[in-house]
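The opening residue of the sequence shown carries number 1 in the UniProt record's numbering; numbering runs sequentially from there. Here a beta-carbon is modelled for each residue, glycine too, at the ideal position from N, C-alpha and C. Fair warning: this is a prediction, and the values are worked out from it, not measured in the lab. Input: a single structure, listed below in C-alpha cells.
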Amino acid sequence: MNIQKRINALRSAMIQKGIDIYIIPTADFHHSEYVGDYFKFREYMTGFTGSAGTAVFTSKKAGLWTDGRYFIQAEQQLAGSGIDLYRSGEPGVPSIEEFLEKELQEGQILGFDGRTISYEEGTSYRQLAEQNHASVNFLQDLASEIWTDRPDLPSEPAFLLEDQYTGEGIESKLTRVRLKMKEYGCDTHILSSLDDIAWLFNIRGNDIAYCPLVLSYAIVYNDSVELFADTSKFSDTLLQLFAQQQIILHPYEEIYDTVSQFNENQTVLLDSRIMNYSLYRKIPEFVTVVDRPNPEILMKCIKNDVQVENLKAAHLKDGIAHTRFMYWLKTNSGEFPVTELSASQKLEEFRAMQNGFIGPSFAPISAYGEHGAIVHYSADEESNVELKPGKLFMTDTGGHYLQGSTDITRTVAIGEAGQVEKEHFTLVVRAMLRLASTIFLHGCSGTNLDCIAREVFWKKGLNFNHGTGHGVGYLLNIHEGPINFRWKEGKTPSQTFEKNMVITDEPGLYIKNSHGIRIENELLVTEADHNEYGQFMKFEVLTLVPIDLDALLPEQMTFEEREQLNNYHQLVYKKISPYLPEAEKEWLKHYTRAV
Numbered sequence: 001m002n003i004q005k006r007i008n009a010l011r012s013a014m015i016q017k018g019i020d021i022y023i024i025p026t027a028d029f030h031h032s033e034y035v036g037d038y039f040k041f042r043e044y045m046t047g048f049t050g051s052a053g054t055a056v057f058t059s060k061k062a063g064l065w066t067d068g069r070y071f072i073q074a075e076q077q078l079a080g081s082g083i084d085l086y087r088s089g090e091p092g093v094p095s096i097e098e099f100l101e102k103e104l105q106e107g108q109i110l111g112f113d114g115r116t117i118s119y120e121e122g123t124s125y126r127q128l129a130e131q132n133h134a135s136v137n138f139l140q141d142l143a144s145e146i147w148t149d150r151p152d153l154p155s156e157p158a159f160l161l162e163d164q165y166t167g168e169g170i171e172s173k174l175t176r177v178r179l180k181m182k183e184y185g186c187d188t189h190i191l192s193s194l195d196d197i198a199w200l201f202n203i204r205g206n207d208i209a210y211c212p213l214v215l216s217y218a219i220v221y222n223d224s225v226e227l228f229a230d231t232s233k234f235s236d237t238l239l240q241l242f243a244q245q246q247i248i249l250h251p252y253e254e255i256y257d258t259v260s261q262f263n264e265n266q267t268v269l270l271d272s273r274i275m276n277y278s279l280y281r282k283i284p285e286f287v288t289v290v291d292r293p294n295p296e297i298l299m300k301c302i303k304n305d306v307q308v309e310n311l312k313a314a315h316l317k318d319g320i321a322h323t324r325f326m327y328w329l330k331t332n333s334g335e336f337p338v339t340e341l342s343a344s345q346k347l348e349e350f351r352a353m354q355n356g357f358i359g360p361s362f363a364p365i366s367a368y369g370e371h372g373a374i375v376h377y378s379a380d381e382e383s384n385v386e387l388k389p390g391k392l393f394m395t396d397t398g399g400h401y402l403q404g405s406t407d408i409t410r411t412v413a414i415g416e417a418g419q420v421e422k423e424h425f426t427l428v429v430r431a432m433l434r435l436a437s438t439i440f441l442h443g444c445s446g447t448n449l450d451c452i453a454r455e456v457f458w459k460k461g462l463n464f465n466h467g468t469g470h471g472v473g474y475l476l477n478i479h480e481g482p483i484n485f486r487w488k489e490g491k492t493p494s495q496t497f498e499k500n501m502v503i504t505d506e507p508g509l510y511i512k513n514s515h516g517i518r519i520e521n522e523l524l525v526t527e528a529d530h531n532e533y534g535q536f537m538k539f540e541v542l543t544l545v546p547i548d549l550d551a552l553l554p555e556q557m558t559f560e561e562r563e564q565l566n567n568y569h570q571l572v573y574k575k576i577s578p579y580l581p582e583a584e585k586e587w588l589k590h591y592t593r594a595v
C-alpha cells in the first residue's frame, strides 16, 4: 500500500469515527526517546523515518511538522506523497496549534490516541478545540483500524543490572525517592517514563530500539510498589528480588484501571510533562495531584562514583574500537569498495569485539559528502553511496556496554579534502575544544556556556541548528535530561551542572548539497578550585578517539587551541596505544602528533 492509499484509508476511518482532524505524533505510551515498531504509525502514514515529527490529517490536507535536524531528510522523503512539510520554528511557518486553530471548525472533532500524547499537549489541544467551539476525542487508536500488518508489542525478557554496574541497590533508591515524596507531601508516585523505571528498579530489557528498557508503568507507595509490565518478561530470580522489596507485578494495561480507583485521601506525585494524556485523565478529579519533575530524573543524571569508573572503562573500550575503525578506514580507503552501510557495519564489528558490548546506543549515522549535511541522516540500501577520495565522511554512533553508554561523532577526510571543508572542519574542532576546556562557577547551566562553542561560528556569520550537547544516560536513553548545552532558554529553567553529570560536546556545521561536519566528545562534570568566589567547575573528557589531522588547518587555530588539541591527543595515545597491534599503534602515533 503506497502513502496515498494509506492516507485515503485513514480518512475513511476518520469519517467512520466522526473525526475531522487527526493527529499522529512520533511517540509510544511513555514518551520514549525511540519508539518500537509497534508504535511507528507516523512513519507508516508518511514515509518519513526521522525520530521526531508530528503528522496532522484533515479531510483535504496533510502536513508533517519536524525540527531543523530533519528538514533536508523530510523534504526528500515526503516528495510526491501529497504531505506538506512544515519546518518547525522557521519564520512564517505556522505551528501545529496555529494550523489547528485555523482548520478546526465549530462543531468538529479533533482526534488523537491519548496514550501517545502528553498531558500537556492533550490539554493544549482540548483548550484549542473549546476555543473553536469544537471538541476532542482522545480514545481512538486509528492505527489498529488501518494498519493491517502492525507489528506485535515486544516480548523479550528483562534482566537485572547488578550493583557492580549501578553502584546502588533498589532499596537505597526507593528510600531516596520516598524521602522526596515525603518532602512534597505525597503518599503515591506514578511513573510512566521507562528510563526512570529502569533506573529505579535496576532492570533493563529490549523493548525500545537502541534503548535497553522495559515497557512498564510503576506506582510507588510509602511501603510498597506496583509494577505494571508483561509478567512473562521476568525471571524467577527477578520476581524473588521484587518480592523482597514489596514490588508487586501486574499486567501492563492494568495501570489505567488502578489509577482510576485512587481515593480522595491520596496525594499523588507525577510529572505531567512525560505522562500520557489518557493516563492522567484516568485519575479521579478529587485526588490531590502534585505535578513536579520526577525526582528520579535528577538522581539518575548525577552518576555515582562506581558508575563514573565504569563509564571510563566503557569509553576506553569504545575508544579502542573506534580508533581501530579509523585506522581501517584510512588504510583501506581506495583499496576496495567501502560504502556508508559497510563502514557503519565495520565500526559495530569493532565494538562487538569488546567485552560487555550489548549493542548500538542509538541509530547510527554514517554520512558521506553531501549526506553529512543532513543532521540525522540514516543510510539505507537506496541512499547508500561509496566512500570515494575527495570528501568528508561523518559517523555519529555509540555503544551500550554493561559499564555504560557512549556517544561519539567523528568526521574524517577520505583522501584529500577541499580547502573550504578543511576551514569548516577547523572551526568545528576549535568550538569543541573551547567548550571542553571551559572553567566555570558552580551555578552555571548549559545555557550559560553554549555560546563559548558557538562564538567561533557567529564571528563568521555561521551557525548550526541543533543543541551543542545533551546529557547521557547510563545504559538507558542516550539523550538524558535535564542537562544540555543550548543558546536559547526552553520552557523550563536550565539545570545547574553538578559533579558527576555527563554531557556531550558536539558542535557542527552543515552546508546543504556539499558537506556536514560534527565532532563530539563526552564530558564529565568535575570540581576545580574552591576559593572566596565559590566552587569552580570543569570538564573531564571521557571520549578517547583522535581528531583527524588530515582535515585540519592548524594555522587557523590559536596557540591555546593547538595546545588543547595536543594535550588531548597525548591522552588518547597514552590510553589507547597499549591495546593496539604494532601497525595500528604506529598509525595512532602519527595521527596524534603535535601540531
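query: In whole angstroms, give me the CA-to-CA distance for Leu387 and His189.; result: 52 Å
query: Taking the straight line between their C-alpha atoms, what separation do you get for Leu241 and Ile203?; result: 11 Å
query: In this structure, does DSSP put residue 597 in helix, strand or coil?; result: No information on residue 597 is available, as it lies outside the stretch 1 to 595 that the chain covers here.
query: Smallest Cα separation from residue 624: which of Leu549, Gly169, Pro154?; result: In the structure displayed, the chain extends from 1 to 595; residue 624 sits before or after that span and is not available.
query: Given this structure, state the Cα-to-Cα distance separating Glu156 from Gly205, to the nearest angstrom.; result: 7 Å
query: Buried or exposed for Ala141, please, with buried defined as at least 16 other CB atoms from any protein chain shown within 10 angstroms of its CB.; result: The question names Ala, but residue 141 is Asp in the sequence shown. By the 10 Å Cβ count, Asp141 comes out exposed.
query: Three or more C-beta pairs under 8 Å: does that hold for the region 28-35 against the region 205-217?; result: yes
query: According to DSSP, what are the bridge partners of Gly111?; result: Tyr22, Asn137
query: Quick check for students: name the residue ranges of the alpha helix (DSSP H) that lie wholly in the region 279-307, counting only runs of 4 or more.; result: 295-301
query: Assuming Val525 and Phe539 are in contact, meaning their beta carbons sit under 8 Å apart, how far apart are those beta carbons, in whole angstroms?; result: 6 Å
query: Which of the three DSSP states is assigned to His470 in this structure?; result: strand
query: Apart from the five residues on each side of it in sequence, which residues of its chain come closer than 8 Å, Cβ to Cβ, to Pro507?; result: Val428, Ala431, Met432, Leu435, Ala453, Arg454, Phe457, Phe464, Thr468, Arg518, Ile519
query: Starting from Ser216, follow its DSSP beta bridges and name the residues at the other end.; result: Ala229
query: In this structure, does DSSP put Gly508 in helix, strand or coil?; result: strand
query: Is Thr409 helix, strand or coil when you go by DSSP?; result: strand
query: Who are the Cβ neighbours of Gly107 in its own chain at under 8 Å, not counting the five residues just before and after it?; result: His133, Ala134
query: Please state if the CB of Cys451 and the CB of Thr496 are separated by a distance shorter than 9 Å.; result: no
query: Going along the chain, which unbroken runs of the alpha helix (DSSP H) with 4 or more residues stay wholly within the region 22-54?; result: 41-46
query: Check this for me: beta carbons of Thr397 and Pro364, under 9 Å apart or not?; result: yes
query: Distance, Cα to Cα, Leu128 vs Thr267?; result: 29 Å
query: Under 8 Å by Cβ, that's how I've got Tyr368 and Glu584 pegged, so tell me the actual separation to the nearest angstrom.; result: In fact, because the Cβ distance is near 23 Å, the residues do not count as touching under 8 Å.
query: Whose CA, out of Glu421, Glu489, Pro295, lies closest to the CA of Glu183?; result: Pro295
query: Which residue marks the beginning of the alpha helix (DSSP H) containing Ser144, and which one marks its end?; result: 143-146
query: Looking only at its own chain, which residues have a Cβ that is under 7 Å from the Cβ of Asn310, when we skip the five neighbours before and after it?; result: Tyr165, Gln403, Gly404
query: Does the separation of the CB atoms of Gly122 and Gly111 fall below 9 Å?; result: no
query: Measuring CA to CA, which of Glu103, Asn265, Lys330 is closest to Ala343?; result: Lys330
query: So is Ala379 buried or exposed if we call it buried at 16+ other beta carbons inside 10 Å?; result: buried
query: What are the complete beta strand (DSSP E) segments, minimum 3 residues, inside the UniProt domain "Peptidase M24 C-terminal" (535-594)?; result: none
query: Tell me, which residues are paired with Asn484 by DSSP?; result: His470
query: To the nearest angstrom, how far is the alpha carbon of Glu75 from that of Ala62?; result: 14 Å
query: Under 9 Å, do Thr395 and Thr409 count as touching if we go by C-beta distance?; result: yes
query: Please report the distance separating the alpha-carbon of Gln244 from that of Tyr277.; result: 33 Å
query: Evaluate the contact criterion for the region 543-556 versus the region 313-320: three or more CB pairs, one atom per stretch, below 8 Å.; result: yes
query: Have a look at Thr406 and Gly481 and give me their C-alpha separation to the nearest angstrom.; result: 16 Å
query: Could you tell me the alpha carbon to alpha carbon distance between Glu101 and Ser51, rounded to whole angstroms?; result: 26 Å
query: What are the start and end residues of the alpha helix (DSSP H) that includes Asp187?; result: Counting along the chain, Asp187 falls outside any alpha helix (DSSP H), and DSSP gives it neither H nor E.
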